[in-house]
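Right, here's the structure in full:
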(Lines of atoms letter the chains of each structure in order from A and count residues from 1; the text may use other names and numbers.)
(Lines give C-alpha, C1' and ligand atoms only; values in the text may rest on other atoms or scores of the structure.)
Protein backbone atom coordinates (compact mmCIF):
# COMPACT_ATOMS: atom_id res chain seq x y z
CA UNK A 1 0.00 0.00 0.00
CA UNK A 2 2.80 2.41 0.90
CA UNK A 3 4.60 1.64 -2.36
CA UNK A 4 1.45 2.41 -4.34
CA UNK A 5 0.90 5.78 -2.67
CA UNK A 6 4.58 6.61 -3.09
CA UNK A 7 4.45 5.88 -6.82
CA UNK A 8 1.32 8.03 -7.20
CA UNK A 9 3.11 10.94 -5.46
CA UNK A 10 6.13 10.58 -7.72
CA UNK A 11 3.91 10.50 -10.82
CA UNK A 12 2.05 13.63 -9.70
CA UNK A 13 5.31 15.46 -9.07
CA UNK A 14 6.41 14.65 -12.62
CA UNK A 15 3.39 16.24 -14.27
CA UNK A 16 3.42 19.57 -16.08
CA UNK A 17 1.53 22.82 -15.98
CA UNK A 18 1.56 25.06 -19.03
CA UNK A 19 1.18 28.54 -17.62
CA UNK A 20 0.63 32.14 -18.70
CA UNK A 21 0.23 35.46 -16.91
CA UNK A 22 -3.02 35.68 -14.98
CA UNK A 23 -4.49 38.34 -17.33
CA UNK A 24 -3.83 36.52 -20.61
CA UNK A 25 -6.98 36.12 -22.73
CA UNK A 26 -6.34 32.49 -23.73
CA UNK A 27 -8.19 30.16 -21.39
CA UNK A 28 -7.00 26.64 -22.30
CA UNK A 29 -4.68 24.71 -24.58
CA UNK A 30 -4.93 21.13 -25.76
CA UNK A 31 -1.82 18.96 -25.87
CA UNK A 32 -1.82 19.26 -29.67
CA UNK A 33 -2.01 23.07 -29.53
CA UNK A 34 0.78 23.14 -26.94
CA UNK A 35 2.98 20.87 -29.08
CA UNK A 36 2.38 23.00 -32.18
CA UNK A 37 3.09 26.19 -30.24
CA UNK A 38 6.41 24.95 -28.85
CA UNK A 39 7.41 23.53 -32.26
CA UNK A 40 6.58 26.77 -34.10
CA UNK A 41 4.04 24.98 -36.29
CA UNK A 42 1.42 27.67 -36.10
CA UNK A 43 -1.20 28.02 -33.46
CA UNK A 44 -4.73 29.20 -33.11
CA UNK A 45 -3.31 31.32 -30.30
CA UNK A 46 -1.04 33.66 -32.25
CA UNK A 47 -0.65 36.05 -29.31
CA UNK A 48 1.17 33.44 -27.22
CA UNK A 49 4.97 33.49 -27.14
CA UNK A 50 6.48 30.18 -26.01
CA UNK A 51 9.48 30.09 -23.69
CA UNK A 52 11.35 26.83 -23.34
CA UNK A 53 13.07 25.84 -20.10
CA UNK A 54 16.82 25.67 -19.62
CA UNK A 55 16.69 22.77 -17.15
CA UNK A 56 17.50 19.73 -19.28
CA UNK A 57 15.63 16.99 -17.38
CA UNK A 58 12.43 19.09 -17.26
CA UNK A 59 12.74 20.09 -20.92
CA UNK A 60 13.34 16.51 -22.08
CA UNK A 61 10.33 15.20 -20.13
CA UNK A 62 8.18 17.99 -21.58
CA UNK A 63 9.26 17.13 -25.13
CA UNK A 64 8.54 13.46 -24.59
CA UNK A 65 5.24 13.82 -22.73
CA UNK A 66 3.63 16.86 -24.38
CA UNK A 67 5.27 17.08 -27.81
CA UNK A 68 5.72 13.34 -28.21
CA UNK A 69 9.32 13.61 -29.43
CA UNK A 70 12.79 13.08 -28.03
CA UNK A 71 15.04 16.04 -27.30
CA UNK A 72 17.20 15.04 -30.30
CA UNK A 73 14.14 15.05 -32.56
CA UNK A 74 13.10 18.51 -31.35
CA UNK A 75 16.65 19.83 -31.90
CA UNK A 76 16.62 18.39 -35.44
CA UNK A 77 13.22 19.97 -36.08
CA UNK A 78 14.49 23.39 -35.02
CA UNK A 79 17.72 23.02 -36.99
CA UNK A 80 15.62 22.45 -40.10
CA UNK A 81 13.30 25.38 -39.27
CA UNK A 82 16.25 27.73 -38.80
CA UNK A 83 18.08 26.46 -41.91
CA UNK A 84 15.00 26.98 -44.11
CA UNK A 85 14.20 30.37 -42.57
CA UNK A 86 10.87 29.22 -41.16
CA UNK A 87 11.52 30.15 -37.58
CA UNK A 88 13.66 30.13 -34.48
CA UNK A 89 13.29 27.99 -31.39
CA UNK A 90 11.75 29.51 -28.28
CA UNK A 91 14.13 31.33 -25.96
CA UNK A 92 15.10 29.32 -22.90
CA UNK A 93 14.47 30.56 -19.40
CA UNK A 94 15.48 29.19 -16.02
CA UNK A 95 13.27 28.36 -13.06
CA UNK A 96 14.23 31.66 -11.43
CA UNK A 97 13.18 33.65 -14.53
CA UNK A 98 9.69 32.16 -15.00
CA UNK A 99 7.71 34.63 -12.88
CA UNK A 100 9.55 37.66 -14.27
CA UNK A 101 9.11 36.56 -17.90
CA UNK A 102 5.41 35.84 -17.38
CA UNK A 103 4.91 39.25 -15.77
CA UNK A 104 7.07 41.28 -18.19
CA UNK A 105 6.14 39.75 -21.54
CA UNK A 106 2.46 39.79 -22.48
CA UNK A 107 1.52 36.47 -24.06
CA UNK A 108 4.49 34.59 -22.60
CA UNK A 109 3.76 30.90 -22.04
CA UNK A 110 6.01 28.26 -20.51
CA UNK A 111 5.83 25.02 -18.59
CA UNK A 112 6.64 24.18 -15.00
CA UNK A 113 6.65 21.08 -12.84
CA UNK A 114 3.21 20.47 -11.43
CA UNK A 115 4.28 21.48 -7.92
CA UNK A 116 5.86 24.81 -9.02
CA UNK A 117 2.97 27.06 -10.05
CA UNK A 118 4.32 30.63 -10.23
CA UNK A 119 2.52 33.45 -8.42
CA UNK A 120 0.10 35.49 -10.54
CA UNK A 121 -0.09 32.87 -13.29
CA UNK A 122 -2.89 30.82 -14.79
CA UNK A 123 -2.82 27.20 -15.93
CA UNK A 124 -3.72 26.55 -19.58
CA UNK A 125 -3.03 22.82 -19.49
CA UNK A 126 -2.27 20.40 -16.70
CA UNK A 127 -1.14 16.85 -17.33
CA UNK A 128 -2.98 16.01 -14.11
CA UNK A 129 -6.35 16.91 -15.60
CA UNK A 130 -5.57 15.43 -19.00
CA UNK A 131 -6.13 17.08 -22.32
CA UNK A 132 -8.61 19.92 -22.35
CA UNK A 133 -10.73 20.29 -25.44
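In the working numbering, the protein residues as written are 2 to 134. Ideal placement from N, C-alpha and C gives every residue a C-beta, glycine not left out.
Can you give me the Cβ contacts of residue i inside the same chain, cut-off strictly under 8 Å, excluding the 5 residues immediately before and after it?
{"i": "residue 23", "result": "121, 122 and 123"}
{"i": "residue 66", "result": "17 and 128"}
{"i": "residue 74", "result": "64"}
{"i": "residue 38", "result": "30, 44, 46, 49, 51 and 110"}
Starting from the C-beta of residue i, find all residues in its chain whose C-beta is less than 7 Å away, skip the five residues before and the five after it, and write them out in chain order.
{"i": "residue 83", "result": "89"}
{"i": "residue 9", "result": "Confidence in residue 9 is poor, its pLDDT being 38 and thus under 50, which makes the residue's placement too unreliable to answer from."}
{"i": "residue 42", "result": "none"}
{"i": "residue 104", "result": "22 and 121"}
{"i": "residue 69", "result": "36"}
Closest to residue i by CA distance: which of the options is it?
{"i": "residue 72", "options": "129, 81 and 61", "result": "61"}
{"i": "residue 52", "options": "95, 115 and 119", "result": "95"}
{"i": "residue 114", "options": "85, 57 and 40", "result": "57"}
{"i": "residue 119", "options": "108, 107 and 102", "result": "102"}
{"i": "residue 76", "options": "107, 87, 99 and 40", "result": "40"}
If I follow the unbroken beta strand (DSSP E) through residue i, where does it start and stop?
{"i": "residue 123", "result": "122-127"}
Would you mind reading off the limits of the alpha helix (DSSP H) that contains residue i?
{"i": "residue 52", "result": "Taken as a continuous stretch (DSSP letters only), residue 52 belongs to no alpha helix (DSSP H), as it is neither H nor E."}
{"i": "residue 78", "result": "72-84"}
{"i": "residue 32", "result": "32-40"}
{"i": "residue 103", "result": "99-105"}
Please work out which residues of its chain come closer than 6 Å, Cβ to Cβ, to residue i, disregarding the five sequence neighbours upstream and downstream, and give them in chain order.
{"i": "residue 26", "result": "none"}
{"i": "residue 93", "result": "53 and 55"}
{"i": "residue 46", "result": "27"}
{"i": "residue 79", "result": "90"}
Using DSSP bridges, identify the partner residues of residue i.
{"i": "residue 94", "result": "54"}
{"i": "residue 19", "result": "112 and 126"}
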